[in-house]
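First up is the structure itself, then whatever we jot down about it.
Number of protein chains: 2
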Amino acid sequence: MDYSTKMKKHQGRSSVIILLLFWFLTGITAYGSDSPSPQVELVAPGIWRIRFGNPEEFTPTHFRTAPIAKAGLDNMPFQGSPPVDPDRIVFQASDRGCSLRLPMAGRESIYGLGLSTELFDMSQSSKGGQAGRQIFLKPTDLPENDLGESHAPDPFYVSSKGYGVFVDTARFATYLTGDVTPAGSQEDEAGNSVQTSTTALYRPRAQRVKTMLVDIPAAKGVDVYIFAGPTPLEAVERYILFSGGGAVPPLWGLGVQYRGYAKYGADDTLALAQKLRDEHMPCDVWGVEPGWQSHVYSCSFVWNTNTFPDPDGFLQKMHDMHYRMNMWEHAFTHPTSPIYDQIKPWSGNYLVWNGLVPDFATPEGRKIFLEQNDAALFDKGVEAVKLDECDYQPESPAPWSFPLATAFPSGLDGEVMHSLFGVLYQQTMLEPYQKKGLRTWGLVRNSQALAAPLPYVLYSDTYDARCYVRGVVNEGFNGLLWTPEVRVASSEEDFYRRIEAVMFSADAVIDSWFIKNPPWDQLDRGKNNRDELMPDRDTVVQNVRKLLQLRMTFIPYLYTAFNEYHWTGKPPIRALVLDWPNDPKVRQIDDEFMFGDSVLAAPMFAGEPQRDVYLPAGDWYDFWTHARITGGTTIEATNDLGQIPLFVKDGTLLPLAEPVEFIKPDTCFNITVNVVGDHPADFTLYEDDGLTLDYASGQQNQILLHADGANHSFTSTGDYHGPARFKITGWAQF
Amino acid sequence: MDYSTKMKKHQGRSSVIILLLFWFLTGITAYGSDSPSPQVELVAPGIWRIRFGNPEEFTPTHFRTAPIAKAGLDNMPFQGSPPVDPDRIVFQASDRGCSLRLPMAGRESIYGLGLSTELFDMSQSSKGGQAGRQIFLKPTDLPENDLGESHAPDPFYVSSKGYGVFVDTARFATYLTGDVTPAGSQEDEAGNSVQTSTTALYRPRAQRVKTMLVDIPAAKGVDVYIFAGPTPLEAVERYILFSGGGAVPPLWGLGVQYRGYAKYGADDTLALAQKLRDEHMPCDVWGVEPGWQSHVYSCSFVWNTNTFPDPDGFLQKMHDMHYRMNMWEHAFTHPTSPIYDQIKPWSGNYLVWNGLVPDFATPEGRKIFLEQNDAALFDKGVEAVKLDECDYQPESPAPWSFPLATAFPSGLDGEVMHSLFGVLYQQTMLEPYQKKGLRTWGLVRNSQALAAPLPYVLYSDTYDARCYVRGVVNEGFNGLLWTPEVRVASSEEDFYRRIEAVMFSADAVIDSWFIKNPPWDQLDRGKNNRDELMPDRDTVVQNVRKLLQLRMTFIPYLYTAFNEYHWTGKPPIRALVLDWPNDPKVRQIDDEFMFGDSVLAAPMFAGEPQRDVYLPAGDWYDFWTHARITGGTTIEATNDLGQIPLFVKDGTLLPLAEPVEFIKPDTCFNITVNVVGDHPADFTLYEDDGLTLDYASGQQNQILLHADGANHSFTSTGDYHGPARFKITGWAQF
C-alpha cells in the first residue's frame, strides 16, 4: 500500500477561517503571521503528515535510519480523521524561524520529548500543578536538569489523551506545554490583591484552555506528524514503527557488560577478564576504554602498541574467553590519525580537542572514517563500540564541543549537526555490521528522533540514582534505550540498589573505567586503585553474582520483548501510563516500570528501607514470595537481600531461564515456564541465531507457549533451522 | 564634519585573500562560508562601521535613543586604521544566522557585554585561567549566573588591548571569548596520557592564538563597529558618545530614594513620609509600589481610589514635603485598563499575566500607552517611574513573559523585542519629560545597547552582596547605570555594608516594598510587618542617617562626574582597569571602583572584618583618617563605624558639600573644597538648574576650581543665570 499517493488537501477555506478567527480574537491586523494552507497527507494508517510553509532539508526524516515499518503499521488499521485537527494548528513564520500552536485540554499530560532523566509528565509546572513548562530540545551532556535537555532531544511527544505529535526538525526547538496565553484567550485571573512576595508575583497560573507552543528557530516551515491512538501506547507504537521499528539485540547484547580500567593494557585486561571467569561472574561483553588508542582526546583510531603490542592476539584471547568486545572511541580525529589529511575536507570548520569533526552527513566523511575504524576494529571482529562525547553543552560557560556556528561540507550547520551527530555517528558505525549481516549492541551518548532501529543504548556521565531510574521509565515514550550503568556507589546499599536497577535495563553495564578492580572488590575509588580490597568482598561478590544471574534468567523473556519492539513497536521497557492509560494514579509514576508485558519493577534507592509501590488494577504476584496481591492499590515494599521489588501480572506466562555465564553462538537456554494465575495468555518466544540479521528475512521461529489448567504446550513455527537456543525444560505454577 | 560620506572600500583583493587563506589552512572546499567584501565606513573619529552581508532592520542603532554625540567625538581625534583589521574578521552566514570571528591575543582580557553581576573579565574560563568562556547575551531576571546573561545584554565589549567592538544586533548573540579553535589553527596539546577523571578530560585548554567567535542567530548580515582607544577607557568613551553621551540626572536624582510598602495607601504613605522628615533622614525620592493601581499583575494604570481616594491631593502633600515621586508599573496591560481595546491592535499576539504586551516599536502603541500614563502620572507631576518586569527568563522552566515566537505589529519578533523591550519602554516613558523639557531619574529592570543617554538605573530581584558590588564595577564598560538597592539584610552588619555600597552608586535606593517600616526600624521581615521594632533602632537610625548624609556631601562632586559622562563619555563609576590599563594587577579587580575621578571605593561585605584593597601606583589618602598611603600595593582595610573604605587620589580637588535633607529647586549646596596633595589638578563643577534640559543648550555654568599652594580660586563661566546651586564656602588641605 503506497500511502504517499493519498493526498488530502486542506486549502483555501480552512486557512481563511484561521485568519478570520485570529483577526476576530486578537484584533491584530495582518503582520507576517501567514498561515498558508497546510497540506495533510496520510502517511500510514493512523499517521498524518501536515506540512506548514517550506520545511528545511536537513531534518530527522531526511536522515532516517530505516524505512517506515509499513507491515507493522498495516496491522494497526485506523479509520477516521487525525486526533489533532489540522485546522486548529496555528502556524506562524518570522525571520527568526517558525512556531506552531496546538490545542491542549485542561488536564492533559504530556510525555516524551526525548530522554529526560529529571522530568516525567512534561505538562507539570516546575512550581507544581499542571500549568505547563518550558522544554528545551537541546542535546546535553548534563541531562539532570529541569529544562528537558537530554541525551536524546527527540521532538516527539505522546499525550495522555491518546495521540502523538512529531515535529520533524533538527533545530533546538522549544516546547511550551500549556503555559502560554495567545492573545484572544484568557488565563485564569489572579484576583486583584497586591502581593508582597516574589513567589506570589511569579506563580504559574493554570489555564482552562491550554495551548502547546512549539518554537522552531531558523526554519521557515516544518512537517508535523500526528499519530493516532486511540491509546497513548498505540500512538507510541505507531511512532516507533514510523521510525522503522525497534532494534533487536544480539542475544549476547542482553548479557552483562563489564568495562575495564582505562589505563589497563592487554596483560592487565586479560588477567582481570580471566578473574571474572574464575569467579563465575556472568559477563558477555567486555568494554575497553580509551587506553587502546595511540592518542586520545582527540582520537587516533590506532592501537597503542606500547600497551597493546598485539591487538589481534589480545582480541583472540578475549574471544577465546567468550567475551564480546566493545571498544570506546569518540569521533574527533587527532592529527596523528592516518585519516587526518584525508578527512579534513569532509570535516567541520572548528576543531574539538584539536581534532577534526567528521561530517557524517557526507558519504565521503563516513567512508574515510570507516576505513580506519574497519582496520582498527571491525575487520578484527570487534562486536560493538561505545560512541562517547557526541553530545553538546548548550548552556555551559565552558562548552568543549564544536560551536553552533560551525559549517560542515554537507551544508549542515552546527546546531543541526549537534542534534543529529549522535544519530549520524551511530548510522556510520552500524554500516560495517550491516554489510556483514551481523547485529551489534553498542553504547552512545547522544541520539535524537527516529532512533528506535539503532542498536545503541544511551548512557551518561551524570549519576543520580533516581534520575537513572526515571530514564528507564521514560525511554519507551520515544523509542530510545537507556542504561543506568553502575560506576561507583556511596555505600554497599547504594551499590546493590544500582546493580538491581541496571539488571532491568536495556544494557546491564558495570563501568569501571576509573577503577582498577571491579567495584565488588572495593567501592572506595582511592582504595580500589591502591588494590586494597573490602574485608567483605567475598560476600559482596556472591550477592552481585546472584544479581547478574537474575539478569541472565530473564534473557529469553526480554528477547521476546525486544522482538515485539521490532515488529509491533511496543517498547520493551515502559512507563505504567502506557499500559494503564485510564488510571489517573499512574500519570505521575516515574519510579516504576513495566519490564516486558508481565513484570512490573519498582527499584529501591539507598537510604530508603521501604518504598511505596502502586500496583494498577488486577491481581499481581510478588516475584520473590509468589504472594498474591490485589491491585489498584499502593503497597509498601522492602528489599533486604538484593531482591528488587518485582511483581508479576496475573494471567501471564513468564519464561525464566537457568542462568548461564555467557552466551555462545550455540548456547541453549533451559527454560521453565511460570504459569501466573489461572487463565494465562499465550506467550511467544522468538528464537533465531541471535547473532545475524537473518531474523529480519524470516529465519526466526515463534515458539507459542500455551497453558490451560494442567495442559501445557509449546508450538514452534518459522524458518530458523540452526542450533536450538531455547529449550522448554519445565512448567511451574507460580 | 560628515563622516558618513567617508567610505573606505575593502573589496576584491582582501576577500580573495581571506578565502585563499581559509582554503589553505583548512583544506575545506567552498560550502557556504561566503565572506563577501566587508564595507568599512568611518563613522566618527576612531569609530568604524564594518558591514557584513545584509544586516537586519531592527537593531539597536535603528532604535537609538539619541544621535551620535559628534561634538564629543570631535574632541577625541584619532588618526590611522581600525585597531581590529577588518580583513582579519571572518564572516560566515548560514540558514540559522551568521557568525563573526575576530582575532584575539593570548593574554587579552575582555570586559563589558552587558551588566553581568557575576562575571568580570569575560575571557576568564569558568574553570580558571584565561582560556575563554561562553557568554550569552540574553536578557534575564536572574543575572547572578555564570553565563553572562544580565539585565542589560549589550553586545559591546572593550579589550584590555585598548579597543572596543559593538555588534549591532538585538538577537540573542553568543560570544565565545577565546575558547574555540577554527580548523587550521592549533590548540595547545593536552599531551597524550589516558585520563581517569572527568575533570581532566574536560579541562579547558588555553591557546596561544585565540579567536573571538560571535554567533548571531537569524541575521544574514550584521554591522560591526570598532572603537579605537588607544586606551580601554577611550574606547569606552567613544562607545558612550556613539550612544549619544551619558544621561545627566536632575540634582534630586542623586539624593536618596525610599520605596514604601506595596500595600500602603495614601494615609499610611503620608504618615511614613512625614516620619522620615521628622527623623531628618535625607530622602529626595519616594517610590510608590504596585498598590497605587486599581489592578496589578497585569496593570490598569488607573489609581486605586479605595486606597488612594484623592491621587492629586496625595501627590500634592508628598510634594509639599519635598518628595519627588517615583511610581511603579510594568507594561503589561490588564483588560480593565481604559486603553485595553485601543492598544490591542498594537500589541503582541501573546498575553503576559492576562495583559497585552504593548508594541513600543510602533508610534501608535507608544501614543496610546502614554495617553493613559499621562493621565495617571505625568500630567499630575510625577517625576519618575520604575519600569518593572520588562526582562525575560531565557532558561527557565517557567517563563512568565511573552514567548520568543510572539509577533508584534511593528514586525519585531519576540526575541528582538525581548532584547529591546526595556530600551523601548524607557524611550516611551521618557517622551513626556522631554516634551516638558524636564529631566527624570527612573528605575528599570532591563536595558540593552546604546543606553547611556537613558536616565534610568537598573536594579534586580536578585540580592547577592558581592554581585551587587560587581554590578557597580561593571556598569561603566557599557554606559549603563546600576543600583545595588538595599531591601533587607541578614544582620545589622550586612545592613550597614549594603547601605554603604548603595550610597556610592548611581541611585541610592532603599526599597521597602515588602516591609511596613523602614529597615532601620526592624530588619526581620516578620517582626517589621508586626511593627515590632528593634531594641537598638535609635542607634541604627543615627548610623544610617550618617551614611545617607555622606551621600549628600558627595552630590556636587558626583554631579560633575555625570556631566562629564554626558559630554566626554567618561563613566562616572568605573572599574580600576579603565583608569590603570597598564597595571596587570587591576585586570581582575571586581570589588573596587572609581567613584568619579578622585575617589576609590572598596566596599566591605558582612562577615569579613577586614579586606584587601589594592591601590594603584601613586599616592592615596584615606578618606577618613587622611593618612597618606603609597600606592602600587595592597593594604588591609577595616570598617568599624559605617566608614566604607574610601581613598582619595593625590593631586586632586575634592569638593564636598554640607549635607541637606532634600534638594529643592533653590537648594544651594555649601561646598568645602578639599585640596588633596601638593599639586592638585583643576576640578570643574557643573552648575545649572538641576531640573530641566536647558543645560544641554548651554544654560550651564562651569565653575573651575584651582589651587596652587595657598592660592585658591574658582571661576564660573557659562549661561546659567538661575539661583546659585553651589557655593564655595571654604578650602581645606586634606
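Chains A and B supply the protein sequences, listed in that same order.
Quick note, in the numbering used here, the first sequence goes up one by one and the last residue is 734.
Quick note, in the numbering used here, the second sequence goes up one by one and the last residue is 734.
Note that CB positions come from ideal geometry on N, CA and C, so glycine has one too.
query	result
Under a Cβ-count criterion, where at least 16 other Cβ atoms within 10 Å of its own Cβ denotes burial, should B/ASP640 be classed as buried or exposed?	exposed
Can you tell me which of the three DSSP states B/TYR425 falls into?	helix
Tell me A/GLN316's beta-bridge partners as DSSP assigns them.	BP columns for A/GLN316 are empty, so no partner.
Just checking my contact of A/GLY642 with A/GLU500 at CB under 8 Å: how many whole Å lie between their CB atoms?	6 Å
Is the beta carbon of A/ASP511 closer than 9 Å to that of A/TYR459?	yes
With DSSP collapsed to three states, give me the class of B/VAL296.	coil
B/GLN134 bridges to which residues according to DSSP?	B/LEU176
Can you look up A/GLY72 in the DSSP assignment and give me helix, strand or coil?	helix
If we call anything under 9 Å between Cβ atoms a contact, is A/ALA384 one with A/THR440?	yes
How would you label B/GLN393, buried or exposed, when you count the other beta carbons within 10 angstroms and need 16 or more for buried?	buried
Alpha carbon to alpha carbon, how far is A/TYR614 from A/ARG587? Give it in angstroms, no decimals.	11 Å
Just to make sure I have the definition right: I need the residues of chain A whose C-beta is within less than 7 Å of the C-beta of B/ALA405. Which are they?	GLN92, SER99, LEU213 and ASP215
Pull out every residue of the region 113 to 137 of chain B whose Cβ sits closer than 7 Å to any Cβ of chain A, in chain order.	SER125, SER126, LYS127, ARG133 and GLN134
Considering only their Cβ atoms, is the gap separating B/ASP688 from B/ASN670 smaller than 9 Å?	no
Looking at C-alpha atoms only, which residue of A/THR65, A/PHE477 and A/PRO603 is the closest neighbour of A/GLY114?	A/PHE477
To the nearest angstrom, report how far apart A/TYR720 and A/PRO345 are at their CA atoms.	46 Å
Using only CA atoms, which one of A/ARG171, A/MET429, A/LEU142 and A/PRO338 lies nearest to A/SER300?	A/PRO338
Please check if any C-beta of chain B sits within less than 9 Å of the C-beta of A/ASP640.	no
Going straight from the alpha carbon of B/TYR557 to that of B/GLY596, what length do you get?	8 Å
Can you give me the start and stop residues for the beta strand (DSSP E) that B/ASN701 sits inside?	701 to 708
Assign B/PRO484 to one of two classes, buried (16 or more other C-beta atoms within 10 Å of its C-beta) or exposed (fewer than that).	buried
Under a CB-based cut-off of 9 Å, is B/TYR261 close to chain A?	yes
Can you confirm whether the region 71 to 79 of chain A touches the region 99 to 109 of chain A when touching is taken to mean that 3 or more C-beta pairs between the two stretches lie within less than 8 Å?	no
By the 7 Å beta-carbon criterion, what residues does the region 286 to 312 of chain A contribute toward chain B?	PRO290, GLY291, HIS295, VAL296 and TYR297
Per DSSP, B/PRO358 is paired with what?	B/SER347
Could you round the C-beta distance between B/VAL423 and B/PHE58 to whole angstroms and report it? I think they count as a contact, below 8 Å.	With a Cβ gap of about 12 Å, B/VAL423 and B/PHE58 do not count as contacting.
Using a Cβ cut-off of 8 Å, which residues of the region 358 to 380 of chain A contact any Cβ in chain B, in chain order?	none
So, is the C-beta of A/ALA331 closer than 9 Å to a C-beta in chain B?	no
Just confirm the distance between the C-beta atoms of B/VAL285 and B/ARG324, as a whole number of angstroms; I'd bet it's less than 8 Å.	5 Å
Which same chain residues end up closer than 8 Å to B/GLY244 when comparing Cβ atoms and leaving out the 5 residues on each side of it in sequence?	ARG64, THR65, ALA66, PRO67, ILE68, ALA69, LEU450, ALA452 and PRO453
Report yes if the CB atom of A/LEU576 is closer than 9 Å to the CB atom of A/GLU592, and no otherwise.	yes
When the Cα atoms are used, what is the spatial distance from B/ASP121 to B/ILE110?	5 Å
Let's test the definition: count the other Cβ atoms within 10 Å of the Cβ of A/HIS679 and tell me whether it reaches 16, buried, or not, exposed.	exposed
So, does the CB of A/THR652 fall closer than 9 Å to a CB anywhere in chain B?	no
Between the region 159 to 166 of chain B and the region 461 to 469 of chain B, do three or more beta carbon pairs fall short of 8 Å?	no
Hey, does A/ASP511 have any beta-carbon neighbour from chain B nearer than 9 Å?	no
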